[in-house]
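Chemist:
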Amino acid sequence: MSGIRRHIALVAHDNKKVELLGWAAFNRDTLARHRLYATGTTGTMLQYELGLPVTRFLSGPVGGDQQIGAKIAEGVIDLLIFLWDPLEPQPHDPDVRALLRLAAVWNIGVACNVTSADLMISSPLLSGFYQRVRPDFGDREWRAAEAG
Numbered sequence: 001m002s003g004i005r006r007h008i009a010l011v012a013h014d015n016k017k018v019e020l021l022g023w024a025a026f027n028r029d030t031l032a033r034h035r036l037y038a039t040g041t042t043g044t045m046l047q048y049e050l051g052l053p054v055t056r057f058l059s060g061p062v063g064g065d066q067q068i069g070a071k072i073a074e075g076v077i078d079l080l081i082f083l084w085d086p087l088e089p090q091p092h093d094p095d096v097r098a099l100l101r102l103a104a105v106w107n108i109g110v111a112c113n114v115t116s117a118d119l120m121i122s123s124p125l126l127s128g129f130y131q132r133v134r135p136d137f138g139d140r141e142w143r144a145a146e147a148g
């Protein structure tokens, strides 16, 4: 395998699962060169339909979003493809917002629709050399105490 192997998380709300599956099938060869993670049913569908290994977490509403968020905070996940449904209220909306917040805090790429996912997956930076800037938050309590 040539190029860098990225860790890509794939998440989709119920109304977006078929769309994500179609996108992933179209990009199967590219995705096969990377390490894949997904929440619950999405992960099962991707693994079954694509025949690729997927590290599966719990379903989003019962903790899967938080599990992926933890992997982001640990520095494992490089890219989040999250096809969320902006027109349908989600019972676990606080978890969804927390996941997107963690992705922004830790400066990972986030695609929220097929167009942004297409642009990210086709970028030469995906498998080429690209070192994202990982913020250094250090010991924030110590800094605050020192300033006071």
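The UniProt record's numbering puts the first residue of the sequence shown at 1, with every later residue one more than the last. No residue lacks a Cβ here, since even glycine has one placed at the ideal position from N, Cα and C.
Just verifying my parser: in three-state terms, what is the DSSP assignment at Ile77?
Modeler: Counting from 1 along the sequence shown, the entry for residue 77 is found at position 77. In this structure, Ile77 counts as coil in the three-state DSSP scheme.
Chemist: Does the segment 50-60 come within contact of the segment 76-85, defined as at least 3 CB pairs closer than 8 Å?
Modeler: Segments in contact, no.
Chemist: At the level of alpha carbons, what is the spacing between Thr39 and Asp139?
Modeler: As a position in the sequence shown, residue 39 is number 39, starting the count at 1. As a position in the sequence shown, residue 139 is number 139, starting the count at 1. The alpha-carbon atoms of Thr39 and Asp139 are separated by roughly 31 Å.
Chemist: Three or more C-beta pairs closer than 8 Å, one from the segment 42-53 and one from the segment 68-75: is that the case here?
Modeler: Output reads no: the segment 68-75 does not touch the segment 42-53.
Chemist: Cβ atoms of Leu99 and Gly63: under 9 Å apart, would you say?
Modeler: Your numbering for residue 63 matches position 63 in the sequence shown. Your numbering for residue 99 matches position 99 in the sequence shown. Taking 9 Å as the Cβ cut-off, Gly63 and Leu99 do not qualify as a contacting pair.
Chemist: May I have the straight-line CA-CA distance separating Asn107 from Arg132, to the nearest angstrom?
Modeler: As a working note, residue 107 is residue 107 in the sequence shown. As a working note, residue 132 is residue 132 in the sequence shown. Approximately 7 Å, taken between the alpha carbons.
Chemist: Looking only at C-alpha atoms, which of Val105, Arg134 and Gly3 sits nearest to Ala32?
Modeler: Walking along the sequence shown from the start, residue 32 turns up at place 32. Per the Cα distances, Gly3.
Chemist: Is Val18 near the ligand SAM, with its Cβ less than 8 Å from a heavy atom?
Modeler: This structure lacks the ligand SAM; in fact it carries no ligand of any kind.
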